[in-house]
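Numbering (full-length UniProt numbering), first residue to last: 1 to 421.
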């Protein structure tokens, strides 16, 4: 027999398997356009960050070159807002205003430039939250301010006897990042981002790994019972179905508690080993209260996922079907919020799309984790509340599925039908 008929037979069998068709062929056609559609508003907004960014300007010089520097800031697309700083605390002004940054033009700024000396301008960048989008935002604003310095150099280049080095950078910027009423040198911002990545991103990823695995295990457990016909046998005993459901949900809850304890133990050890970077006054460490709240978030995430796993096991007819259906339920609910969290954050989306994303329960796992690290306790309670609603809804749906004969008769088949021999 030649290769062509065998190849044709193999392709027919593979493509008739719905799990392969969905997972390998159709899923990329759905997931990547959806990701692109989701990330397009983020990319579009990142391009005009500076056009909306207000910058507080404290002009202590009042000379012509100070006015020229303010105009250079405006040319880069920033919105400089002159203010008078007397007895006020600049950090407090930055915190209470909508401005994203502040610059202090010192007295003698124009005189130093006239003498071909480099004056030092103080720069403050406000980090409003610990998100990837926020780090990108302050990075874009910083770049625009440095562009304004280059524009100053071009303006000074028209004068005589200007050295090349002076033309390229006529002003020294002494930058600091403002976060949580504290400041760190701009040179440490890169280390701050590394610590942010180690704490703020790895925790949600670890949560998702544990949650996904637990949901698949729950689905596998139900699938084993249905495949071995032990569930049907159990239903013949004089036991209320509500009792059977309660036992499965309580069993899932125990597994959720064990998973919560395991992950929290690992995270406590992790944070005990990861200390703040040398010379930095800001760290993304967790307090005892934050650890308790994180445990609550993880618990409800696990219970919700285990409930979805139980539903997948009920709907499927065997172990393989349970695992496949659990994956198809979990992947869309987990992948999209995770990718959004890693790229830009929900605040960068338009309102209709953001509302859709907020319906997904695992979005609130990500947002609650970020709120915990930022000590935003009101937001934490709101996200936990949404997760509680989802948990109750999943348990209610499971109770509905356990009524009547649908527990035994309802099937969702993902695999191809096998012909009887």
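Glycine residues also receive a C-beta, built at the ideal position from the N, C-alpha and C atoms. Keep in mind it's a predicted model, so treat the numbers as computed, not measured.
Would you decide whether residue i is buried or exposed? Buried here means 16 or more other CB atoms lie within 10 Å of its CB.
| i | result |
| --- | --- |
| residue 179 | buried |
| residue 254 | exposed |
| residue 324 | buried |
| residue 366 | buried |
| residue 170 | buried |
| residue 114 | exposed |
| residue 334 | buried |
| residue 302 | buried |
Go ahead and pull the three-state DSSP assignment for residue i.
| i | result |
| --- | --- |
| residue 172 | strand |
| residue 243 | helix |
| residue 96 | helix |
| residue 84 | coil |
| residue 101 | strand |
| residue 184 | strand |
| residue 339 | helix |
| residue 427 | Nothing about residue 427 can be reported from this structure: the residues present for the chain run from 1 to 421 only. |
| residue 318 | coil |
| residue 79 | strand |
Find the nearest neighbour of residue i within the set the options, judged by alpha-carbon distance.
| i | options | result |
| --- | --- | --- |
| residue 361 | 336, 372 and 250 | 336 |
| residue 72 | 56, 103 and 147 | 147 |
| residue 186 | 122, 233 and 341 | 122 |
| residue 399 | 351, 103, 244 and 322 | 244 |
| residue 168 | 177, 152 and 308 | 152 |
| residue 98 | 106, 308 and 56 | 56 |
| residue 290 | 380, 85, 175 and 394 | 380 |
| residue 107 | 78, 227, 65 and 143 | 65 |
| residue 359 | 62, 346 and 12 | 346 |
| residue 175 | 156, 155, 154 and 143 | 143 |
| residue 297 | 312, 239 and 368 | 368 |
| residue 338 | 68, 215, 206 and 352 | 206 |
| residue 85 | 68, 78 and 103 | 103 |
| residue 62 | 217, 109, 77 and 129 | 109 |
| residue 83 | 269, 58, 67 and 69 | 58 |
| residue 321 | 216, 137 and 232 | 216 |
Residues in the same chain with beta-carbon distance under 6 Å from residue i, minus the five sequence neighbours each way, listed in chain order, please.
| i | result |
| --- | --- |
| residue 172 | 118 and 120 |
| residue 100 | 53, 126 and 141 |
| residue 364 | 383, 386 and 387 |
| residue 401 | 314 |
| residue 266 | none |
| residue 355 | none |
| residue 371 | 379 and 380 |
| residue 183 | 176 |
Residue i: beta carbon under 7 Å from a heavy atom of the ligand MG?
| i | result |
| --- | --- |
| residue 402 | The ligand MG is absent from the structure shown, which contains no ligand whatsoever. |
In chain order, what residues of the same chain have a beta carbon less than 7 Å from the beta carbon of residue i, not counting five sequence neighbours either side?
| i | result |
| --- | --- |
| residue 74 | 80 |
| residue 278 | Low confidence applies to residue 278: its pLDDT is 41, below 50, so where it sits in the model is not reliable, and the reading given next is rough at best. Taken in chain order, the list of residues that qualify is empty. |
Residues in the same chain with beta-carbon distance under 8 Å from residue i, minus the five sequence neighbours each way, listed in chain order, please.
| i | result |
| --- | --- |
| residue 44 | Bear in mind that a pLDDT of 48 at residue 44, under 50, signals an unreliable position, so the number given afterwards is only what the model happens to contain. So the list is empty, once near-sequence residues are dropped. |
(request) Would you check if the segment 142-160 and the segment 83-98 touch, i.e. whether three or more CB-CB distances between them fall below 8 Å? (result) Not touching, per the Cβ criterion.
(request) Could you say if the segment 219-235 and the segment 307-323 meet the contact criterion of at least three C-beta pairs nearer than 8 Å? (result) A contact is defined here as three or more CB-CB pairs under 8 Å, and the segment 219-235 meets this definition with respect to the segment 307-323.
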